[in-house]
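Reading through the structure tokens given below for one structure.
Numbering (full-length UniProt numbering), first residue to last: 1 to 372.
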């Protein structure tokens, strides 16, 4: 029944019991496994349900859950007095999840989000941007599931926001050299495509994202070349510019994804998570949200983008509808491909004329990333 409902209304998962069941299963698991790998399941199952693939959720989850760790235990409460010292301490993940679970039980979720969003934004690149992406998926389900009074219809989705915010707080870590859009002395005149092309690359292309981002202080052109994006004139322009960033980062993947197929999807999915969250935030936070989303995309690109684009892929064979595109991603099974295709569908829905470009990017993710 939930599968039928999702197919009839792919833009809303408010009535889907499948998503709530999946989230309840997952909330016994931690946000990471095997040391520090991110648990992608809450994000992937949300996308699967949304795009008419609810019937695949539990079988997919049966396989994925075998690698997950248990939810970390809380040891020492995070409070209004000590939260700053606990911020960015992954050993306190259980404490942070308990903290947000308690806050969300006491206050409306929008109020909690508005208070903590600006506190967490400076650490948007932490854990390879996975925490903010998880928050974006959680907020989207909450916005879908509100009744006329604005009250959430289901508890698991509120709980998921608590897990996502707790993960972000535990892994919070600002860049060693942050990007300051509109700061004195920066040009700030480029459009999104130009600014993405100007981002410098770290010298040492080995190691994980933490090793690569640690090179930013010695990377020629960082952060000046990453700060050439033109700042927005107001909240509406910030939202428009954020949409452009998601579009350009998505379509760019088709030619540049080979630099690191898995990591480079985050250059698009992280800013899209921020874009999805904007409707739940006060407008005065939108410009800062754009700045943080840009920093996240720029950091991923400087860490992983190849020196040049790949040869154009031959045309043909690309499915022509959103349903076909996502069905192929679901059949592929990798969580990154599922989430990237979910973002590609957002771009195509906003700008139908660009569908062939984003379909090519989605196809590239299926070709470059190993199937699950």
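By construction, the Cβ of each residue, glycine as well, lies at the ideal position given by its N, Cα and C atoms.
Treat the numbers as computed from the prediction; the structure is a model and nothing was measured.
Are the beta-carbon atoms belonging to residue 221 and residue 174 less than 8 Å from one another?
Translated into the one-based positions of the chain shown, residue 221 becomes position 221. Translated into the one-based positions of the chain shown, residue 174 becomes position 174. Their beta carbons are not under 8 Å apart, which means residue 221 does not touch residue 174 by this criterion.
At which residue ranges does the segment 214 to 260 contain complete beta strand (DSSP E) runs of 3 or more residues, listed in the order of the chain?
none
Close Cβ partners of residue 295 (< 6 Å) along its chain, the five nearest in sequence each way excluded:
Numbered from its first residue, the chain shown carries residue 295 at position 295. The residues are 179.
Need the endpoints of the alpha helix (DSSP H) that residue 336 sits in, please.
In the chain shown, residue 336 corresponds to position 336, counting from 1. That run of the alpha helix (DSSP H) goes 335 to 350.
Secondary structure of residue 32, DSSP reduced to three states:
Locating residue 32 in the chain shown gives position 32, where the first residue counts as 1. Strand, per DSSP.
Quick one: using the 10 Å Cβ neighbour count with 16 as the cut-off for buried, is residue 218 buried or exposed?
Start at 1 with the first residue of the chain shown, and residue 218 comes out as number 218. Per the 10 Å Cβ criterion, exposed.
When DSSP labels each residue in this structure, what does residue 206 get in the three-state scheme?
Against the chain shown, residue 206 aligns to sequence position 206. Coil, per DSSP.
State the Cα-Cα distance for the pair residue 137 and residue 46, rounded to the nearest angstrom.
On the chain shown, residue 137 is found 137 positions in, with the first residue counted as 1. On the chain shown, residue 46 is found 46 positions in, with the first residue counted as 1. Cα to Cα, the separation comes out at about 7 Å.
Work out the CA separation of residue 352 and residue 323 for me, nearest whole Å.
Along the chain shown, one-based indexing puts residue 323 at 323. Along the chain shown, one-based indexing puts residue 352 at 352. About 14 Å.
Counting Cβ pairs, one atom from each stretch, are 3 or more of them under 8 Å apart for the segment 47 to 64 and the segment 80 to 94?
no
Option in 359, 167, 320 with minimal Cα separation from residue 87
As a first step, residue 87 must be located in the chain shown, where it is residue number 87. Comparing Cα-Cα distances from residue 87 to each of 359, 167, 320, the minimum goes to 167.
Three-way DSSP call (helix, strand, coil) for residue 268 in this model
Here residue 268 corresponds to residue number 268 of the chain shown, with the count starting at 1. Three-state result, residue 268: helix.
Assuming residue 231 and residue 188 are in contact, meaning their beta carbons sit under 8 Å apart, how far apart are those beta carbons, in whole angstroms?
Reading the chain shown from its first residue, position 231 is the one you call residue 231. Reading the chain shown from its first residue, position 188 is the one you call residue 188. Confirmed, about 5 Å.
Tell me where the alpha helix (DSSP H) around residue 371 begins and ends.
Sequence index remark: in the chain shown, residue 371 carries index 371 (1-based). Note, residue 371: premise wrong, no alpha helix (DSSP H); not H, not E.
Best match in 75, 271, 273, 157 for proximity to residue 109 [C-alpha to C-alpha]:
The residue labelled residue 109 in the question sits at position 109 within the chain shown. Comparing Cα-Cα distances from residue 109 to each of 75, 271, 273, 157, the minimum goes to 157.
Own chain partners of residue 53 with C-beta closer than 6 Å, once the 5 adjacent residues on each side are dropped:
Counted from its first residue, the chain shown places residue 53 at position 53. 330.
Going straight from the alpha carbon of residue 417 to that of residue 347, what length do you get?
This structure gives no information on residue 417, because the portion of the chain shown stretches from 1 to 372.
Which listed residue (129, 117, 111) has its alpha carbon closest to that of residue 265
For the purposes of this step, residue 265 is identified with residue 265 of the chain shown, where counting begins at 1. Nearest option by C-alpha distance: 129.
Pick out whichever of 336, 38, 292 has its Cα sitting closest to the Cα of residue 67.
Counting from 1 along the chain shown, the entry for residue 67 is found at position 67. Among 336, 38, 292, the Cα nearest to that of residue 67 is on 38.
Among 213, 211, 240, 196, the one whose alpha carbon lies nearest that of residue 225:
Within the chain shown, the letter at position 225 stands for residue 225. When only C-alpha atoms are compared, the closest one is 196.
Which residue comes first and which comes last in the alpha helix (DSSP H) that contains residue 199?
For the purposes of this step, residue 199 is identified with residue 199 of the chain shown, where counting begins at 1. Looking at the DSSP string, residue 199 is not in any alpha helix (DSSP H), and its letter there is neither H nor E.
In chain order, what residues of the same chain lie with their CB nearer than 6 Å to the CB of residue 106, ignoring the 5 residues before and after it?
Here residue 106 refers to the residue found at position 106 when the chain shown is read from its first residue. Here the set comprises nothing.
How many angstroms separate the CA atom of residue 300 from the CA atom of residue 111?
In the chain shown, the residue the question calls residue 300 occupies position 300. In the chain shown, the residue the question calls residue 111 occupies position 111. If I take the Cα positions, the gap works out to 30 Å.
Sequence-distant residues of its chain with Cβ nearer than 6 Å to residue 73 (five each side left out)
Sequence index remark: in the chain shown, residue 73 carries index 73 (1-based). The residues are 94.
Applying the 10 Å Cβ sphere with the 16-neighbour rule, what's the burial state of residue 34?
Against the chain shown, residue 34 aligns to sequence position 34. Exposed.
Can you have a look at residue 321 and say buried or exposed, based on whether 16 or more other CB atoms are within 10 angstroms of its CB?
Here residue 321 corresponds to residue number 321 of the chain shown, with the count starting at 1. Residue 321 should be labelled exposed.
Residue range of the unbroken alpha helix (DSSP H) whose run includes residue 182:
Residue 182 sits at position 182 when you count from the first residue of the chain shown. Premise fails: residue 182 is in no alpha helix (DSSP H) and is neither H nor E.
Checking 8 Å against the spacing of the C-beta atoms, do residue 241 and residue 290 come in under that value?
Counting from 1 along the chain shown, the entry for residue 241 is found at position 241. Counting from 1 along the chain shown, the entry for residue 290 is found at position 290. It is a contact, given that the beta carbons lie within the stated cut-off.
Residue environment, residue 208, which counts as buried when at least 16 other CB atoms sit within 10 Å:
Numbered from 1 along the chain shown, position 208 holds the residue referred to as residue 208. Exposed.
Between the Cα of residue 172 and those of 24, 334, 257, 91, spot the shortest distance and give me the residue it belongs to.
Numbered from its first residue, the chain shown carries residue 172 at position 172. Residue 91 is the option with its Cα nearest to residue 172.
Pull up the DSSP beta-bridge partners for residue 378, would you.
Past the boundaries of the shown model lies residue 378; the chain is included only from 1 to 372, so the question cannot be answered.
Buried or exposed for residue 1, please, with buried defined as at least 16 other CB atoms from any protein chain shown within 10 angstroms of its CB.
Start at 1 with the first residue of the chain shown, and residue 1 comes out as number 1. Note that residue 1 scores a pLDDT of 32, beneath 50, so its modelled location is shaky; the value from the coordinates is reported in the next line. Per the 10 Å Cβ criterion, exposed.
For residue 350 and residue 50, what's the separation of their Cα atoms in angstroms?
Residue 350 sits at position 350 when you count from the first residue of the chain shown. Residue 50 sits at position 50 when you count from the first residue of the chain shown. Rounded to whole angstroms, residue 350 to residue 50 spans 17 Å at the Cα level.
Compute the beta-carbon to beta-carbon distance between residue 134 and residue 114, rounded to the nearest angstrom, for a pair I have assumed lies under 8 Å.
Here residue 134 corresponds to residue number 134 of the chain shown, with the count starting at 1. Here residue 114 corresponds to residue number 114 of the chain shown, with the count starting at 1. Contact doesn't hold; Cβ gap of about 18 Å is too wide.
Residue(s) in a DSSP beta bridge with residue 190:
For the purposes of this step, residue 190 is taken as residue 190 along the chain shown, with counting starting at 1. Paired residues: 229.
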